[in-house]
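Undergrad: One structure coming up, written as structure tokens, with questions to follow.
Protein chains: 2
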Amino acid sequence: MTSDIAPLPHPDRSDLKLTQVLFALSDPERLAIVRQLAAGPLDMARCHLSDAATPKSTKSHLMKVLREAGIIHNAAAGRGRRLTLRRDDLEARFPGLLACVLADTSDGTA
Amino acid sequence: MTSDIAPLPHPDRSDLKLTQVLFALSDPERLAIVRQLAAGPLDMARCHLSDAATPKSTKSHLMKVLREAGIIHNAAAGRGRRLTLRRDDLEARFPGLLACVLADTSDGTA
DNA sequence: GTCATGGTTCGAATTTAGTTGAACCAATGC
DNA sequence: GCATTGGTTCAACTAAATTCGAACCATGAC
Chain A
1 MTSDIAPLPH PDRSDLKLTQ VLFALSDPER LAIVRQLAAG PLDMARCHLS DAATPKSTKS
61 HLMKVLREAG IIHNAAAGRG RRLTLRRDDL EARFPGLLAC VLADTSDGTA
Chain B
1 MTSDIAPLPH PDRSDLKLTQ VLFALSDPER LAIVRQLAAG PLDMARCHLS DAATPKSTKS
61 HLMKVLREAG IIHNAAAGRG RRLTLRRDDL EARFPGLLAC VLADTSDGTA
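Each protein sequence line maps, in turn, to chains A and B.
Quick note on numbering: our numbering labels position 62 of the first sequence as 62, and the sequence is numbered without any gaps.
Quick note on numbering: our numbering labels position 92 of the second sequence as 92, and the sequence is numbered without any gaps.
Here you go:
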């Protein structure tokens, strides 16, 4: 078979928790990731952190927090990972939240 | 004079940080406090926590986090404290944020 | 198969946040 | 004056989040 990699677990739309989403977004680095993904899906290797020297384990952990909160989807794609912002799910559960979070420019990540 | 109590420090509207606001709101207990204050100003003594047995030092700390994030205003009033949601400031800096956070009912605090 | 690339996971160390009792303070009631 | 009520602050402790290296795993190129 072409692939037997166990896909990472993602919470169902109905299981998203507002407090968990807010927490995930409350870190500047994670918020910056979300802003990048707002422009469209991105290969993880092309998703940059503020400090380019950050170890990959740290980067992976940041993605995990966002994924477990239901903010991003992380799928295997070739030898890498494809990250997608779960816009529809977020909008369905917390209408307007993403929009006003992305609108802000006071955290340096315009 | 009638009062010389040093007022608690509150951040200026222009100093509010989105990530700090999101963090403050990411705790269920704090979010529940904000929901109560959404109905109007409240004396702190009448602002209830989920566990009535919570020590006052803990309650005071919860209020401090909300105050320092710029979400609530805490003013001396008689022998107690008057808590007010900083609606206008929040709306000015993060339009729509409060509305969609208050709209959610998935955290038990409908 | 071998190698390089891209990421996850684990464990340990560090850092940060939450909890609590005790001490203290201001205002009101008496 | 004294006692009560309501709340802040401090210090110590517990709990949780973050960071990072090391080990590991799949894929794709060769």
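For every residue, glycine included, the Cβ atom is placed at its ideal position computed from N, Cα and C.
Predicted, not measured: the structure shown is a model, and the values here were computed from it.
Taking only beta-carbon atoms, is B:Gly70 less than 8 Å away from chain A?
TA: Judged by the 8 Å Cβ criterion, B:Gly70 is not in contact with chain A.
Undergrad: Quick check on DSSP: helix, strand or coil for B:Ser106?
TA: coil
Undergrad: Give a yes or no on whether 8 Å exceeds the smallest Cβ distance from B:Val101 to chain A.
TA: Closer than 8 Å to some Cβ of chain A, the Cβ of B:Val101 qualifies, so yes.
Undergrad: Cα separation between A:Val65 and A:Ala24?
TA: 6 Å
Undergrad: Does any residue of chain A have a CB that is nearer than 8 Å to the CB of B:Ser50?
TA: no
Undergrad: Have a look at B:Ser106, B:Val34, B:Gly78 and flag the residue whose alpha-carbon is nearest the alpha-carbon of B:Leu85.
TA: Taking only the C-alpha atoms, the option nearest B:Leu85 is B:Val34.
Undergrad: Give the residues of chain B in contact with A:Thr19, contact being defined as C-beta atoms less than 7 Å apart.
TA: Ser26, Asp27, Pro28, Leu31, Asp107
Undergrad: Could you please give me the residues that DSSP links to A:Leu85 through a beta bridge?
TA: DSSP links A:Leu85 through a beta bridge to A:Ile72.
Undergrad: Considering only residues of the same chain and omitting the five flanking positions on each side of A:Val101, which have a CB-CB separation below 8 Å?
TA: Leu25, Leu31, Val34
Undergrad: Keeping to the same chain, check which residues put their C-beta closer than 7 Å to that of A:Ala38; ignore five residues upstream and five downstream.
TA: Leu85, Leu102, listed in sequence order.
Undergrad: Measuring straight from C-alpha to C-alpha, what distance separates A:Pro41 and A:Gln20?
TA: 22 Å
Undergrad: Just by C-beta distance, which residues in the segment 54 to 66 of chain B are closer than 7 Å to chain A?
TA: none
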